[in-house]
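Enquirer: Protein chains in written order, with the numbering used here: chain A, 99 to 210; chain B, 5 to 117.
Mind looking over this structure? Questions follow.
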Amino acid sequence: KAGVTQTPRYLIKTRGQQVTLSCSPISGHRSVSWYQQTPGQGLQFLFEYFSETQRNKGNFPGRFSGRQFSNSRSEMNVSTLELGDSALYLCASSPRGAAEAFFGQGTRLTVV
Amino acid sequence: GENVEQHPSTLSVQEGDSAVIKCTYSDSASNYFPWYKQELGKRPQLIIDIRSNVGEKKDQRIAVTLNKTAKHFSLHITETQPEDSAVYFCAASGTSGTYKYIFGTGTRLKVLA
């Protein structure tokens, strides 16, 4: 089975722009969660989706949003980018009924 | 709010020695505790996990213990090898059926040959 796939792997954006990141879960997994990883704050939960519904949201501003499609693929969007949004954005997928989450390689976003 | 504290932040051990990383969680409803290993530039990989109805779990050189009363859980690595060098994260999940993990701040383990 292919693992969790995130695209693109690297992005450089300018302050004020917006960005969309994509995540394809492991085949058969319907839950997708997103995390932001920074050296200072570690891994912080952004949001979680199951069957196209957001089930949980972390403490991030409204500029961070996401969605999940009927094929379980997920996207997250960050609008009005700030320098502090520079981070590794990780997506994880989980099989139904299991507690484990499996991470993708992440998208490294740099805001200049 | 929900919080997971992890110690130490860095740990250096000689090859063949044991390493122990400790975490404390705040949410008494947490019922699942995974450990992830992240090598430089790579994805976090699940190495072992434990559920709240179990006190200890072992997988070859790796073991995890859980003390629900004290809200502590620990990762034990025996006979450490240079390839064990990485950053290790503990996490605690909340309500059953969700995948919102609260992560510890990570422990950078260096195994010296």
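Every residue, glycine too, gets a C-beta built ideally from N, C-alpha and C.
#1: Using a Cβ-Cβ cutoff of less than 6 Å, which residues in the same chain neighbour S131/A once the five nearest sequence positions on both sides are dropped?
#2: Report yes if the CB atom of L144/A is closer than 8 Å to the CB atom of Q135/A, and no otherwise.
#3: Give me the residue from E180/A, L109/A, G138/A and C121/A with the minimum Cα distance to R171/A.
#4: Nearest by alpha-carbon distance to Q104/A: which of S13/B, V68/B, F77/B and R47/B is it?
#5: Starting from the C-beta of R153/A, find all residues in its chain whose C-beta is less than 6 Å away, skip the five residues before and the five after it, and write them out in chain order.
#6: Count the other CB atoms within 10 Å of the CB of D63/B; is the residue buried (16 or more) or exposed (fewer)?
#7: Taking a cut of 7 Å between CB atoms, which residues from the region 121–145 of chain A lie near chain B?
#8: May I ask you to list the residues that DSSP assigns as paired with P38/B?
#9: Determine, for G204/A, whether the minimum Cβ-Cβ distance to residues of chain B falls below 8 Å.
#10: Run through chain B and tell me which residues come within less than 7 Å of R113/A, C-beta to C-beta.
#11: Give me the chain B residues within the contact set of N154/A, using Cβ-Cβ distance strictly less than 7 Å, ordered along the chain.
#12: Would you mind giving the Cβ-Cβ distance between I81/B and S22/B, rounded to the nearest angstrom? I have them listed as a contact below 8 Å.
#13: Check whether the Cβ of L50/B lies closer than 8 Å to any Cβ atom in chain A.
#14: Rounded to whole angstroms, what is the Cα-Cα separation between S16/B and K114/B?
#15: By the criterion of Cβ-Cβ separation under 8 Å, what are the contact partners of E198/A in chain B?
#16: Along the chain, where does the beta strand (DSSP E) containing T84/B start, and where does it finish?
Expert: On the basis of the supplied data:
#1: Here the set comprises E146 and A190.
#2: Q135/A is positioned such that its CB atom lies no closer than 8 Å to that of L144/A.
#3: Nearest option by C-alpha distance: C121/A.
#4: The option with the nearest alpha carbon to Q104/A is R47/B.
#5: Cβ within range, chain order: E146.
#6: With fewer than 16 Cβ atoms within 10 Å of its Cβ, D63/B is classed as exposed.
#7: Shown in chain order are the members of the region 121–145 of chain A whose Cβ falls below 7 Å from a Cβ of chain B: S129, S131, G140, L141 and F143.
#8: Partner(s): D53/B.
#9: By this cut-off, G204/A is an interface position.
#10: Neighbours of R113/A in chain B, taken as residues at a C-beta separation under 7 Å, are lacking, since the least C-beta distance is about 26 Å.
#11: Ordered by position in chain B, the residues that pass the 7 Å Cβ test against N154/A are T102 and K104.
#12: The Cβ separation is near 7 Å, so the contact holds.
#13: By this cut-off, L50/B is an interface position.
#14: Going from the Cα of S16/B to the Cα of K114/B covers about 5 Å.
#15: The answer, in chain order, is P38, L50 and D53.
#16: It is not in any beta strand (DSSP E) - T84/B carries neither H nor E in the DSSP assignment.
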